[in-house]
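Input: a single structure, listed below in structure tokens.
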Amino acid sequence: MTLDKFKLDGKVALVTGASAGLGAAIALALAEAGADVVAHGNSRTPDGTCELIKRAGRHSLGLRGDLADKTVPQQLIGQTLDRFGQLDILINNAGTIRRAPAVDYSEEDWATVIEVNLSSVFRLSQLAGREMIKQGKGGKIVNIASLLAFQGGITVPAYAASKGGVAQLTKALANEWAKDGINVNAIAPGYMRTDNTAALQADEMRNRQILERIPAGRWGDPDDLAGPAVFLSSSASNYLNGHILVVDGGWMGR
């Protein structure tokens, strides 16, 4: 196998939640591997990410839309196709988290987290899958799961339920679309330095407990997902279907 299998020249990717953090790092990595990238932001257009993509020598398009709105997935896929005429890679990264004890968890928080983290992933994947089948060239769908696809967490019942659902949805779609040359896989990041984990990082006791369990001895950085994302988006992963790739510094093996 040559390194050419990791190249994404001629491919068009859509990355959700790409304004910062994991999504921004993945979007830039795909561009550096040769893809043109549509970067989505939930609350703001990811102008900074788009600028980095352009500096990498690739075309970019910045889009904004709240994935709690059921109509936004269709808009994102439609605008991507209008601009580039094809869609080869979908990275379902956008997500949200709401923390509260289960006995106090509100219906509104539950509904919002499930809508953004799970239902929008299905809608985007369904639309992308239809287009990829129609294009007849296969494609790559990479969902961002979590360690809480395997564990229950504390005070995040909706997040844990949504990420468990993402893992199972990944397998279900892989079963149907592998015959069409569409690889559906997921990455389950460990404890990463992002805005979603700011509260944990700031809690001295929890931060110490987390670091004590990670064999690598550190929190993950968004760049730690660059290689896995490029791999799962490239032809190097053509025989990988329905897999949940854990990138956690060794946490799950402890």
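With our numbering applied, the sequence shown corresponds to residues 6 to 259, in that order.
Idealized CB from N, CA, C, for every residue including glycine.
Residue i - DSSP class collapsed to helix/strand/coil
i, result
"Lys59", "helix"
"Ser65", "strand"
"Asn201", "helix"
"Gly169", "helix"
"Arg51", "For clarity, residue 51 is Pro in the given sequence; the question names Arg instead. Note: Pro51 maps to coil in three-state DSSP."
"Asn180", "helix"
"Val161", "coil"
"Leu95", "strand"
"Lys139", "helix"
"Lys145", "strand"
"Gly232", "helix"
"Leu72", "coil"
"Asn190", "strand"
"Gly225", "strand"
"Asp253", "coil"
"Asp114", "helix"
"Asp41", "strand"
"Gly46", "strand"
"Ala25", "coil"
"Leu19", "strand"
"Lys10", "helix"
"Ser261", "The requested residue 261 is not part of the displayed model; the chain covers only 6 to 259."
"Ala105", "coil"
"Arg259", "coil"
"Asn246", "coil"
"Ile215", "helix"
"Ala150", "coil"
"Ser239", "coil"
Same chain only: Cβ atoms within 7 Å of residue i, ignoring 5 sequence neighbours per side
i, result
"Asp52", "Gly67"
"His248", "Asn190"
"Gly158", "Tyr164, Ala165"
"Ala260", "Lying before the first or after the last residue shown, residue 260 is absent from the chain, which here runs from 6 to 259."
"Arg211", "Leu205"
Own chain partners of residue i with C-beta closer than 6 Å, once the 5 adjacent residues on each side are dropped
i, result
"Glu240", "The question names Glu, but residue 240 is Ser in the sequence shown. Same-chain partners within the cutoff: Lys10."
"Ile82", "Leu132"
"Ala2", "A question about residue 2 goes unanswered here, because the residues of the chain that appear run from 6 up to 259."
"Ser167", "Val118, Ile119, Asn122, Leu123"
"Ala18", "Leu35, Ala40, Val42, Ile94"
"Ile138", "Asp185"
"Gly285", "Nothing can be reported for residue 285: it is not among the residues displayed for the chain, which extend from 6 to 259."
"Ile58", "Ala36, Val42, Ser65"
Distance between beta carbons of residue j and residue i, contact taken as under 8 Å
i, j, result
"Phe127", "Leu174", "6 Å"
"Ala23", "Pro227", "The Cβ separation is near 11 Å, so there is no contact."
"Asp71", "Asn47", "6 Å"
"Asp215", "Leu205", "The sequence shown places Ile at residue 215, not Asp. Confirmed, about 7 Å."
"Leu237", "Lys176", "Contact doesn't hold; Cβ gap of about 14 Å is too wide."
"Arg69", "Arg49", "6 Å"
"Ala163", "Tyr110", "7 Å"
Chain-order list of residues whose beta-carbon lies under 8 Å from that of residue i (same chain, five-residue window excluded)
i, result
"Val161", "Ile102, Arg103, Arg104, Leu153"
"Arg223", "Leu216, Gly254"
"Gly225", "Pro194, Gly195, Tyr196, Met197, Arg198, Val252, Asp253, Gly254"
"Gly26", "Met197, Thr199, Asp200, Asn201, Pro227"
"Ala107", "Thr160, Pro162"
"Leu245", "Asn188, Asn190, Leu237"
Test: residue i CB closer than 9 Å to a CB of chain C
i, result
"Ala107", "You won't find chain C in this structure, because it holds only one protein chain."
* Does the count of Cβ pairs from the stretch 35-47 and the stretch 103-120 closer than 8 Å reach three? -> no
* Asked: Looking at C-beta atoms only, is the number of pairs between the stretch 135-151 and the stretch 188-204 that lie closer than 8 Å three or more?
  -> yes
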